[in-house]
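Asks: Protein chains in written order, with numbering that gives the first Met the number 0: chain A, 0 to 167; chain B, 0 to 167; chain C, 0 to 167; chain D, 0 to 167.
Glycine included, each C-beta is placed from N, C-alpha and C at the ideal position.
Number of protein chains: 4
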Amino acid sequence: MEAERLAGAVYVGVIGGRRCSGEIAELAFQVGSGIAERGWILVCGGMGGVMEQACRGARSRNGVTLGILPGNSRDRGNSYLSCSVVTGLGEARNVLVVKSSQAIIAVDGSYGTLSEIALANAAGIPVVGLRSWHLDAAQNDGQGLFTREVHSPTEAIEAVRSLIFVSK
Amino acid sequence: MEAERLAGAVYVGVIGGRRCSGEIAELAFQVGSGIAERGWILVCGGMGGVMEQACRGARSRNGVTLGILPGNSRDRGNSYLSCSVVTGLGEARNVLVVKSSQAIIAVDGSYGTLSEIALANAAGIPVVGLRSWHLDAAQNDGQGLFTREVHSPTEAIEAVRSLIFVSK
Amino acid sequence: MEAERLAGAVYVGVIGGRRCSGEIAELAFQVGSGIAERGWILVCGGMGGVMEQACRGARSRNGVTLGILPGNSRDRGNSYLSCSVVTGLGEARNVLVVKSSQAIIAVDGSYGTLSEIALANAAGIPVVGLRSWHLDAAQNDGQGLFTREVHSPTEAIEAVRSLIFVSK
Amino acid sequence: MEAERLAGAVYVGVIGGRRCSGEIAELAFQVGSGIAERGWILVCGGMGGVMEQACRGARSRNGVTLGILPGNSRDRGNSYLSCSVVTGLGEARNVLVVKSSQAIIAVDGSYGTLSEIALANAAGIPVVGLRSWHLDAAQNDGQGLFTREVHSPTEAIEAVRSLIFVSK
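Okay, structure coming up:
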C-alpha cells in the first residue's frame with residue numbers, strides 16, 4: 000500500500016451471507032476482483048460465504064481486504080484478509096462494517112445482510128443490490144432498500160464508482 | 000417491582016421511529032398500555048416518537064420501562080423511562096434493544112426500525128408487525144419480516160403473549 | 000418505582016470482581032443496602048461476586064437494581080436484578096456500566112474493575128474506592144485512581160452523596 | 000502486503016495519549032519504526048499524539064498501520080493509517096484495539112491508556128510498558144500492570160518479540 004494510494008483510499012463494503020451457492024460465490028468473486036482492480040479497499044465482516052469469495056477475488060488482483068470479525072479471535076476469519084479487526088461484539092459489528100464503507104455492494108444474503116442494508120440507508124451510505132433483498136416499495140411510502148439495483152458484478156462496480164463520485 | 004414479578008419478568012421490546020404521526024402515536028400508546036397491563040417490562044431505545052408514546056402508555060398503567068439510549072447522556076431520553084442505560088454506542092445500541100427483548104412489537108418505523116427487525120429475525124426473536132415494513136416475501140425464498148402481522152394494539156399484545164408462551 | 004422517584008432518579012454504579020471473599024461480600028452487601036436506602040438506582044455488570052452481593056443488599060431494602068450483562072442471555076445474570084440489559088458485547092459492556100452511573104463505588108476487584116475505574120476517570124465520573132486498586136500517584140504526575148478513598152460502606156455512601164451534590 | 004506476509008501476520012498494538020511531549024513523540028516514532036522493521040502490523044486507536052507518531056514511524060519504514068477510530072468518520076484519524084475502521088463506539092473502541100493485538104506496547108498515556116492496559120491484562124494479552132503507568136504492586140496481591148517494563152523502544156520491540164514467540 001503505497002503513500003499515493005493512502006491519500007485517496009476508497010473503502011467499499013461487500014455484504015452477504017456466510018454461506019452461499021456456487022453461482023453466488025462466482026458473483027462475489029467477481030465483485031471482489033472489480034473492487035481491487037479499481038484500487039479500492041474491500042471492507043467486510045471477514046467470515047465465509049460471500050465475504051470469503053469477495054476477498055478471494057480481491058486478493059487475486061492484489062487488492063487490500065479488511066475484515067471486521069464478530070468473535071474473539073482471528074481463527075474463524077477467512078484466509079483472504081489483508082488486515083482484520085477482532086471486535087468481540089457479535090452482530091453489533093455489522094454497524095462497523097457499514098460505517099467503515101463509503102458505498103456497499105450487497106450480494107444475496109439473509110437477515111444479517113438486511114440489517115446492514117437498513118443501517119446503511121439510515122446512515123445515508125449508498126447501497127448497490129445484486130441478487131439481494133427485494134422490497135415492495137409501493138407499500139412503504141416509496142422507500143426502497145437500494146440506491147441502485149444491478150444485474151452483474153460489472154454493473155455493481157460501475158454503480159459504486161458513479162455513486163462515490165457523486166456523493167463526494 | 001416486587002420479588003414475585005422479578006422471578007417471572009418478561010421483557011417485550013417496542014421499536015419504531017423517533018417521529019410519528021398522531022395516529023401512530025395513539026397506537027404506540029395503546030401497545031405500551033397493553034404491555035404494562037400484562038405486567039411485562041417494556042424495552043425500547045429510549046428516545047421520542049413511537050418509543051416515547053409507548054413508554055407513556057406503559058407508565059399510565061404503572062408499568063416498568065427500560066430505555067437503552069444511543070448517546071452519552073440521559074438528557075435526550077424521553078420522560079417516561081423507569082430506568083435507562085447510557086450506551087454511547089450510537090446505532091449499535093439497536094442490537095442491545097433486540098437482544099434484551101423476548102419478543103418485539105414493531106410500530107411503523109423507518110430504516111433504523113428495519114435494522115432491528117432484521118437483527119431480531121437473525122437472532123430468532125419473534126417480531127410482531129403493526130403498520131410497519133412490508134416485504135414481498137415471494138421474492139426472497141419466502142422469508143418474511145414478521146412472525147406475525149397484526150392490525151391493532153390488542154392483537155399485537157395477544158400475539159406476543161402466545162409467542163412467548165410458545166417460545167418458552 | 001413511583002413517578003416522584005423517576006424525576007430525580009440517581010444512578011450509582013457498583014463495580015468489583017465476579018468472585019470475592021466472604022469479607023468483601025459483606026462490604027458489598029452493605030454498599031448495596033446503603034444505595035437502596037438513599038433511593039438511588041444501583042447499576043452494575045449483573046454478574047456474581049461483588050455485583051451479586053451489592054444487588055442482594057439493595058433488594059433487601061427494596062431497592063432497584065439494573066444489570067448490564069456481557070453475554071447473550073439473562074441466564075447467567077445474578078438473581079437480584081430488578082431489570083437487566085442483554086448486550087452481547089463481552090467486556091465492552093464495562094463502558095456502559097460506567098457511562099450509566101453518576102458516581103461509582105469500586106469494591107475490591109481485579110483488572111476488569113481497574114478498566115472501569117480508568118474509563119470513569121477518563122469520562123469525569125467520580126469514583127469512590129473501598130478496598131480496591133491502589134496507585135502510587137507520586138509516579139504519575141499525581142494522577143490518582145479515586146476521587147475519594149474510603150474505609151467503610153457508610154463512608155462510601157456518604158462520599159457518593161457529597162460528590163453527586165457537588166458534581167450537580 | 001504480499002501473501003507470505005499475510006500467512007504469518009503479527010498484530011502489535013501501540014497505546015498512549017492523544018497528546019504527548021516531544022520526547023514521548025520521539026519514543027513513539029521509534030516504537031512504530033521497530034514494529035514495521037519486524038514486518039508486524041501496527042494496531043492503534045487511529046488518533047493523534049502517541050498513536051500518530053507511532054504510525055508515522057511505521058510508515059517511514061513502509062509498515063502497515065491499522066487505526067480503529069472512535070468517531071463516525073475518518074476525518075479525525077491521523078494521516079499515517081494504511082487502513083482504518085470507523086466504529087462510532089466512542090471509548091468502547093478501546094476494547095477492539097486490545098482484542099486485535101497479540102501484544103501491546105504502552106507509551107506514556109493517561110486514563111484511556113490505563114483502561115486498555117487493564118483490559119489487556121484481563122484478556123491475557125501481554126503488555127510492555129515504556130514510560131507509562133506505574134503501579135505499586137505490593138498493595139494489590141502482587142498484581143502488576145505490565146508483563147514487562149522497559150526503558151527504550153529497542154527493548155520494547157525485543158520484549159514483544161520474545162513474548163509473542165512464548166505466547167505462541
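Express the C-alpha separation of residue 102(B) and residue 114(D) in angstroms, rounding to a whole number.
Replies: Their Cα atoms are separated by approximately 36 Å.
Asks: Does the Cβ of residue 22(D) have 16 or more other Cβ atoms within 10 Å, making it buried, or fewer, making it exposed?
Replies: Exposed, by the Cβ-count rule.
Asks: With a CB to CB cut of under 6 Å and the five nearest residues on each side skipped, what residues in its chain are close to residue 92(B)?
Replies: Hits under 6 Å: 67, 69, 86.
Asks: Of the residues that make up the segment 39-53 of chain D, which ones have a beta carbon closer than 8 Å to any beta carbon in chain B?
Replies: Hits within the stretch: zero.
Asks: Assess, as a yes-or-no matter, whether the segment 120-127 of chain C is touched by the segment 148-160 of chain C under the definition of 3 or more beta carbon pairs within less than 8 Å.
Replies: The answer is yes - the segment 120-127 of chain C touches the segment 148-160 of chain C, with three or more Cβ pairs under 8 Å.
Asks: Could you tell me the alpha carbon to alpha carbon distance between residue 90(C) and residue 53(A), rounded to whole angstroms?
Replies: The alpha-carbon atoms of residue 90(C) and residue 53(A) are separated by roughly 31 Å.
Asks: Output, in sequence order along the chain, the residues in the segment 85-97 of chain A whose CB is closer than 9 Å to any CB in chain C.
Replies: Cβ contacts with chain C: 86, 87, 88, 89, 90, 91.
Asks: Is the distance from the Cβ of residue 97(C) to the Cβ of residue 119(C) below 8 Å?
Replies: Contact: yes.
Asks: Taking C-alpha atoms, which residue in 162(C), 10(C), 134(C), 121(C) lies nearest to residue 34(C)?
Replies: Closest by alpha carbon: 10(C).
Asks: CA-CA distance, residue 168(A) and residue 133(C)?
Replies: Residue 168(A) lies beyond the stretch modelled for chain A, which goes from 0 to 167, so this question has no answer here.
Asks: Give a yes or no on whether the minimum CB-CB distance between residue 111(D) and chain C is below 8 Å.
Replies: Yes, residue 111(D) counts as interfacial toward chain C.
Asks: Going by beta carbon distance, what residues of the same chain come within less than 6 Å of residue 76(D), once the five residues before and after it are set aside?
Replies: Excluding positions up to five away in sequence, the list reads 45, 66, 68, 83.
Asks: Which residues, taken in chain order from the segment 61-77 of chain B, show a beta carbon closer than 8 Å to some beta carbon of chain C?
Replies: Flagged, chain order: 63, 65, 67, 71.
Asks: Spell out whether any CB of chain B is found under 8 Å from the CB atom of residue 114(C).
Replies: No, its Cβ sits nowhere closer than 8 Å to a Cβ of chain B.
Asks: Whole angstroms is fine: what's the gap from residue 155(D)'s alpha carbon to residue 26(D)'s?
Replies: For residue 155(D) and residue 26(D), the distance between alpha carbons rounds to 10 Å.
Asks: Just mark residue 153(C) as buried or exposed, buried being the case when its beta carbon has 16 or more other beta carbons within 10 Å.
Replies: Exposed.
Asks: So is residue 15(B) buried or exposed if we call it buried at 16+ other beta carbons inside 10 Å?
Replies: By the neighbour-count rule (16 or more Cβ atoms within 10 Å), residue 15(B) is buried.
Asks: Go ahead and pull the three-state DSSP assignment for residue 102(B).
Replies: Strand.
Asks: Check whether the Cβ of residue 80(D) lies closer than 8 Å to any Cβ atom in chain C.
Replies: With 8 Å as the cut-off, residue 80(D) does not count as an interface residue toward chain C.
Asks: So for residue 80(C), helix, strand or coil by DSSP?
Replies: Note: residue 80(C) maps to coil in three-state DSSP.
Asks: Less than 8 Å separating the beta-carbons of residue 99(B) and residue 13(B)?
Replies: Not in contact: residue 99(B) and residue 13(B) (Cβ atoms no closer than 8 Å).
Asks: Taking C-beta to C-beta, are residue 160(C) and residue 60(C) nearer than 8 Å?
Replies: Cβ atoms of residue 160(C) and residue 60(C): not closer than 8 Å.
Asks: Is the Cβ of residue 162(C) closer than 8 Å to any Cβ of chain D?
Replies: Not an interface residue.
Asks: Give the straight-line distance between the Cα atoms of residue 8(A) and residue 39(A), rounded to the nearest whole angstrom.
Replies: The straight-line gap from Cα to Cα measures roughly 7 Å.
Asks: If you reduce the DSSP assignment to three classes, tell me which class residue 54(D) lands in.
Replies: Of the three classes helix, strand and coil, the one that applies to residue 54(D) here is helix, per DSSP.
Asks: Tell me the DSSP bridge mates of residue 129(A)?
Replies: According to DSSP, residue 129(A) bridges with 106(A), 149(A).
Asks: Taking its Cβ as the centre, do 16 or more other Cβ atoms sit within 10 Å of residue 28(C), making it buried, or is it exposed?
Replies: Buried is the call here.
Asks: Apart from the five residues just before and just after residue 162(C), which ones in its own chain have a Cβ nearer than 8 Å to its Cβ?
Replies: So the list reads 102, 125, 127, 146, 147, once near-sequence residues are dropped.
Asks: Check whether chain A comes within 8 Å of residue 99(D), counting only Cβ atoms and requiring the distance to be less than that.
Replies: It does: the Cβ of residue 99(D) has a partner Cβ on chain A nearer than 8 Å.
Asks: Are residue 88(A) and residue 64(A) touching if we call contact CB-CB under 8 Å?
Replies: For residue 88(A) and residue 64(A), no; Cβs fall outside 8 Å.
Asks: If we count the other Cβ atoms within 10 Å of its Cβ and call it buried at 16 or more, is residue 78(D) buried or exposed?
Replies: Under this definition residue 78(D) is an exposed residue.
Asks: Can you name, in chain order, every residue of its own chain whose Cβ lies under 7 Å from the Cβ of residue 107(A), other than the five neighbours on each side?
Replies: Only 15, 16, 19, 23, 49, 130, 131 meet the Cβ criterion.
Asks: Measure from the alpha carbon of residue 144(C) to the alpha carbon of each residue in 30(C), 73(C), 105(C), then state which is nearest.
Replies: The candidate whose alpha carbon is nearest that of residue 144(C) is 105(C).
Asks: For residue 47(C) versus residue 121(D), is the C-beta spacing smaller than 8 Å?
Replies: Cβ distance not < 8 Å, so residue 47(C) and residue 121(D) don't count as in contact.
Asks: Going along chain D, which residues have a C-beta under 7 Å from residue 158(C)?
Replies: Neighbours of residue 158(C) on chain D: none; closest Cβ ~20 Å, over 7 Å.
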